[in-house]
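Enquirer: As you go down the protein sequences, you meet chains A and B in turn. Here our numbering is used: position 59 in the first sequence is 59, and no number is missing along the way. Here our numbering is used: position 255 in the second sequence is 255, and no number is missing along the way. Cβ coordinates follow ideal geometry from the N, Cα and C atoms, glycine included. Got a structure for you, written out below as C-alpha cells; questions coming shortly.
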Amino acid sequence: MDYTASRLDKCFAALKAENRPGLGIFVTAGDPDQETSLAILKALPGAGADMIEFGMPFSDPMADGPSIQASSLRALKAGASLAKTIDLVRKFREEDQTTPVVLMGYYNPIYIYGVERFLTDAISAGADGLIVVDLPPEEDDELCVPAVKRGLPFVRLATPTTDDARLPKVLTNTSGFIYYVSITGITGTAEVPIDMVRAAVGRLRTHTDLPIGVGFGIKTREHAAAIGSVADACIVGTAVVNALAGSLDSNDKAGPDTVKAVTDLVSELAKGVREARG
Amino acid sequence: MASATPAPNSFRTGPDENGHFGIFGGRYVAETLMPLILEVEKAYLTAKGDPDFWAEMEYYRKHYIGRPSALYFAPRLTEHFGGAKLYFKRDELNHTGAHKINNVMGQALLAKRMGKTKIIAETGAGQHGVATATACALFGMECEVFMGAEDVKRQKPNVDRMRLLGAKVVPVTSGSSTLKDAMNEALRYWVSKADTHFYIIGTAAGPHPYPAMVRDFQCIIGEETRWQLEEAEGKLPDALVACIGGGSNAIGLFHPFLDDPSVEIFGVEAAGHGIPSGEHAASLTGGNPGVLHGNRTYLLQDDDGQITEAHSISAGLDYPGIGPEHSWLHESGRVKYVSATDTEALEAFALCAKLEGIIPALEPSHALAYVSTMIGDMDKDKIVVMNLCGRGDKDLDAVIPRLEKMGKL
C-alpha cells in the first residue's frame, strides 16, 4: 500500500490561503496512558492544532530534554509500544480525515518492528509522514528511501550547525516540510533567538521550496506569534508535555483536567499563530 | 555462530568510508551532531596520517603511561590449570591502572590539535572518567564527566579521584541512572556545546569514527603482544582472551592478530547471574542487532526495541551494547564470544590474587574465568595470552563481602 492522502500538502496549502503559519503540536503517544492519549489526540484539532507530531516512545531519546524523556518513560511504563502507537493513529483517523499526523521518534523501535511492516501499518493507519531523529542522510537507505518509495513524506531536521555545504545533502529525499531546529541543543532547553531564526529560515528558503516548520524552544503564545512571523509552522512539544505532566497525580496517572491542561495551552498557542502576521 | 557469508580476504580493513563493519557501525545520530562527527572524522584522518601525531603519542605512551606494558608468563596459574602456558598482557600497570588511558591520550591529543580546550566524557565504573580527568590535568583542559547517579554512589573512590584531578563529575539521573544514560546525557550536552567541546568516548562504540579511532589507539596492546611474545617464545600465541563490555581492550588485543588464522580468539562477555536469568550484560550471547548511541550493533532490548538494563557485578562491563566491530567479528565467526558469570569472575579474581600476587579488576577476572575452563585441555606447548586490562583496587568494596560469603577469604 502506498501513501496518497497528502494531508501535509493540503494543510500547508490551506494555511497559505489563510495567510497564517500553522501550529504543530507534539505529544508522546501513550502518555500518560493509551486512553488519555487518544482523548488528547482527538481534542487537539478542535483546540487549534493544524498538525500533530506524534512521538513514538523510546527508552533512550538522545535528542530530547528532561520533559520529553520523562514523557517517553511514562508512556513506556504504562505499556506503550510501537504497535499501540500506530493503533492510536488508526483510531484518530477514523474520526479525523484532514489533520496530518507525523510520527516522530528514534529508529530502533522501527528497526525491530521491521521497516516494511512499519511502513505498511503506518500508512494504512493514516500517518502522514515520519521524523526519525537519529537517521541523518548518511543512513537514508535504512528507512528514508523505502518510505519515499511508498510516497510517505520523510521530514528532515535542519539545525544551526547545518551549513550551506551540508544543506543540499539534508534536503535530498526530504518531503512534506523541513523541520528547522532553532537551537543547537536538545528539546525544551532554551529561548529561541528570533533574529537568528529569521536569518536561518531565509537561508533555508534559498535552498528549498518546501514549507519550513520551526521547533525546539517555543513555549508561549508570544513565542508562537514571533516565530510564526517568519516560519510556515510553529512546532511546540516540551511546553505541551509540561502542561500534561503538571496535571498528573503523584503516581503519574491522568487527573480530571489532563486533556484540558493540554487543550488550554494549545488554544493559547493557536491564538499566537493567528496573530503572527497581523 | 558463523554466518553463510564467505570470509573476507582480510578482517582488518574495516570500517568502510561510512563507518560500517558489514551491517554494523554507521552514524545514527541527530542532524545536530552530524557536523561535529564529520569534523572529528576529518581531524582524525589527518592526524592518523601525520608522523608528528604518532611521535607525540609515542612520547606520552613511553614517559607518561609507562608503555610497553609487560607481557608476563604466569607460572603458578599455568601449573594450576595444567595445560597451555598462560601469559598476561599487563595493561593494569598503565598509569591510572587500566587500558583506558591508551585511548584517552590519543583523543586528548586529537582534541588539542583541533583547538578544543574543553573535554566531556561518560563513565560507568569511573575508570574512563579517571583516565580522561588525568589527561585533562596533564594538558590543562577543562573536564566534565557524566556519570550515572547510581554509579556515583557505587564508585565513590573514583569520583574522588576525578575531583582531585580537577574534573567536574556530573551525576545523571535520567533513565536508569547508569552508563547508557550517562552516554545519552554526554551526547545531549555535546550537541549544545559543539563549538568548544570535544567528546572523548571511552569504548570502541558510538558513531563513526569513534569505534575505528578507539580501536586504533588500543591496538598498541596487540602490537606489543606480538613482538613481546616473539621475543619470549619465538612464535604467535595459539589463543587470545579478553573481556568485553563495549570491547575496547579486546579489540586492541585482537585486531593485530585477526589475519593470523592459527590464532584462536575469544571475547568474554559478562553473564551476570547467568544468561537464562535475563540479568546479564552479554549483548552478543543474549541480545540482538539494533541501533543505539550512534551505531548498529548487538543490544539488550525487548520485543518493542526498548533498551533493557544490563547487569554485571563489574560496572565496567555493565552496558547493554557492544562495539560494532565485535558484532561483525561475531557474525563472521572470526572471534568466538563466550561468557562468564559474576560468581565465576569472583572465583578467578581470588585465584589470581592468591597464585600470582596480582589483584585483577573484575573485568579481566571474567576473561580469566573463561581461561580456566579451556586452558587445561590445551597441550603444554600451546600459548594463551589474556589481557589483564585493569587492576582490582577499585573493586575491593564490591568483592570482599562476596568472597567472604563464598568462603574464599
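Give me the Cβ distance between glycine 25 of chain B and histidine 208 of chain B, rounded to the nearest whole Å; I'm assuming they're in contact under 8 Å.
Expert: 6 Å between Cβ atoms; contact.
Enquirer: Select from B/Pro157, B/Gly246, B/Arg12, B/Phe266 the residue whose C-alpha is nearest the C-alpha of proline 237 of chain B.
Expert: It is B/Phe266.
Enquirer: Would you kindly check if the distance between the Cβ of isoleucine 68 of chain A and the Cβ of valine 266 of chain A is under 8 Å?
Expert: Their beta carbons are not under 8 Å apart, which means valine 266 of chain A does not touch isoleucine 68 of chain A by this criterion.
Enquirer: Are glycine 213 of chain A and isoleucine 235 of chain A touching if we call contact CB-CB under 8 Å?
Expert: Closer than 8 Å, so yes.
Enquirer: Can you tell me which residues form a DSSP beta bridge with isoleucine 212 of chain A?
Expert: Answer by DSSP bridge pairing, in chain order: A/Ile178.
Enquirer: Which whole runs of the alpha helix (DSSP H) in the stretch 34-71 of chain A are 4 residues long or more, in chain order?
Expert: The stretch 34-71 of chain A contains these whole alpha helix (DSSP H) runs: 34-47.
Enquirer: Cβ of threonine 132 of chain B within 8 Å of Cβ of glycine 323 of chain B?
Expert: Cβ distance not < 8 Å, so threonine 132 of chain B and glycine 323 of chain B don't count as in contact.
Enquirer: Using the Cβ count rule (16 or more neighbours within 10 Å means buried), how would you classify arginine 12 of chain B?
Expert: The residue in question, arginine 12 of chain B, is exposed, as its Cβ has fewer than 16 Cβ neighbours within 10 Å.
Enquirer: Could you round the C-beta distance between lysine 85 of chain B and asparagine 387 of chain B to whole angstroms and report it? I think they count as a contact, below 8 Å.
Expert: So it is not a contact: roughly 16 Å between Cβ atoms.
Enquirer: Specify the secondary structure class of aspartate 393 of chain B as computed by DSSP and reduced to three states.
Expert: Residue state, collapsed to three classes: helix.
Enquirer: Taking 8 Å as the cut-off, decide whether the C-beta atoms of glycine 286 of chain B and histidine 280 of chain B are in contact.
Expert: Result yes, Cβ atoms of glycine 286 of chain B and histidine 280 of chain B sit closer than 8 Å.
Enquirer: Lysine 394 of chain B and alanine 348 of chain B look like a contact to me (Cβ under 8 Å); what is the Cβ gap, rounded to whole Å?
Expert: With a Cβ gap of about 17 Å, lysine 394 of chain B and alanine 348 of chain B do not count as contacting.
Enquirer: Given this structure, state the Cα-to-Cα distance separating glycine 278 of chain A from glutamate 18 of chain A, to the nearest angstrom.
Expert: Approximately 12 Å, taken between the alpha carbons.
Enquirer: Checking contacts by CB at 8 Å: is lysine 42 of chain B closer than that to chain A?
Expert: Answer no: the Cβ-Cβ gap between lysine 42 of chain B and chain A never drops below 8 Å.
Enquirer: When you compare only the Cα positions, how much space is there between glycine 215 of chain A and alanine 239 of chain A?
Expert: Computed Cα separation, rounded: 11 Å.
Enquirer: On the DSSP bridge assignment, give the partners of lysine 89 of chain B in chain order.
Expert: Bridge partners of lysine 89 of chain B: B/Leu71, B/Asn387.
Enquirer: Quick check on the DSSP output: the beta strand (DSSP E) that includes tyrosine 337 of chain B runs from which residue to which?
Expert: Run containing tyrosine 337 of chain B: 336-341, per the beta strand (DSSP E) assignment.
Enquirer: Quick one, which of A/Met1, A/Gly22, A/Phe54 has its alpha-carbon nearest lysine 10 of chain A's?
Expert: Looking at the Cα atoms, A/Gly22 is the closest of the given residues.
Enquirer: Quickly, what does DSSP pair valine 101 of chain A with across the bridge? List them, please.
Expert: Bridge partners of valine 101 of chain A: A/Ile52.
Enquirer: Quick check: the Cα distance between alanine 2 of chain B and isoleucine 244 of chain B, rounded to an integer number of angstroms?
Expert: Any reading at alanine 2 of chain B needs caution, since the residue's pLDDT is 44, under 50, leaving its predicted position unreliable; the model's value is listed next. Cα to Cα, alanine 2 of chain B sits roughly 19 Å from isoleucine 244 of chain B.
Enquirer: Suppose contacts are defined by Cβ-Cβ distances below 8 Å. Is leucine 300 of chain B in contact with alanine 270 of chain B by that definition?
Expert: It is not a contact, given that the beta carbons lie outside the stated cut-off.
Enquirer: Please report the distance separating the alpha-carbon of leucine 403 of chain B from that of aspartate 134 of chain A.
Expert: Approximately 44 Å, taken between the alpha carbons.
Enquirer: Decide yes or no for the touch test of the stretch 246-256 of chain B against the stretch 210-219 of chain B: beta carbon pairs closer than 8 Å, at least 3 of them.
Expert: The answer is yes - the stretch 210-219 of chain B touches the stretch 246-256 of chain B, with three or more Cβ pairs under 8 Å.
Enquirer: Anything in chain B within Cβ reach of aspartate 163 of chain A, meaning under 8 Å, just list it in chain order.
Expert: The answer, in chain order, is Pro35.
Enquirer: Which residues, in order along the stretch 277-292 of chain B, keep a beta-carbon less than 7 Å from a beta-carbon of chain A?
Expert: So the close ones are Gly290, Val291, Leu292.
Enquirer: Output the distance between the C-alpha atoms of alanine 4 of chain B and leucine 253 of chain B, rounded to the nearest integer angstrom.
Expert: Legend: pLDDT at alanine 4 of chain B = 49, less than 50; position of this residue unreliable, value from coordinates given subsequently. About 26 Å.
Enquirer: Pair every Cβ in the stretch 79-89 of chain A with every Cβ in the stretch 252-261 of chain A, then say whether three or more of these pairs are closer than 8 Å.
Expert: No: the two stretches stay apart, fewer than three of their Cβ pairs being nearer than 8 Å.
Enquirer: Can you pull the chain B residues whose beta carbon is under 9 Å from the beta carbon of methionine 1 of chain A, in chain order?
Expert: Result: empty, since nearest Cβ-Cβ is about 23 Å, beyond 9 Å.
Enquirer: Please list, in chain order, the chain A residues whose beta carbon lies closer than 9 Å to that of aspartate 295 of chain B.
Expert: For clarity, residue 295 of chain B is asparagine in the given sequence; the question names aspartate instead. Under the 9 Å cutoff, chain A gives no residues; its nearest Cβ is about 10 Å from asparagine 295 of chain B.
Enquirer: Which chain D residues sit within Cβ distance under 8 Å of glutamine 301 of chain B?
Expert: Protein chains in the displayed structure are A and B, and chain D is not among them.
Enquirer: Quick one: list the residues of chain A neighbouring threonine 132 of chain B, beta-carbon separation under 7 Å, in chain order.
Expert: Under the 7 Å cutoff, chain A gives no residues; its nearest Cβ is about 21 Å from threonine 132 of chain B.
Enquirer: Which residue or residues does DSSP assign as beta-bridge partners of threonine 330 of chain A?
Expert: Absent from the structure is residue 330 of chain A, since the part of chain A shown begins at 1 and ends at 278.
Enquirer: Below 8 Å on C-beta distance, what does glycine 390 of chain B contact in chain A?
Expert: Per Cβ cutoff of 8 Å: no residues; glycine 390 of chain B is ~27 Å from chain A at best.
Enquirer: According to DSSP, is leucine 143 of chain A part of a helix, a strand, or is it coil?
Expert: In this structure, leucine 143 of chain A counts as coil in the three-state DSSP scheme.
Enquirer: Can you give the beta carbon distance from tyrosine 28 of chain B to lysine 180 of chain B, rounded, assuming they're within the 8 Å contact cut?
Expert: Incorrect: roughly 15 Å between the Cβ atoms, too far for contact.
Enquirer: Rounded to whole angstroms, what's the CA-CA distance from alanine 367 of chain B to valine 268 of chain B? Just pull it up for me.
Expert: Using only the alpha carbons, I get a separation of about 6 Å.
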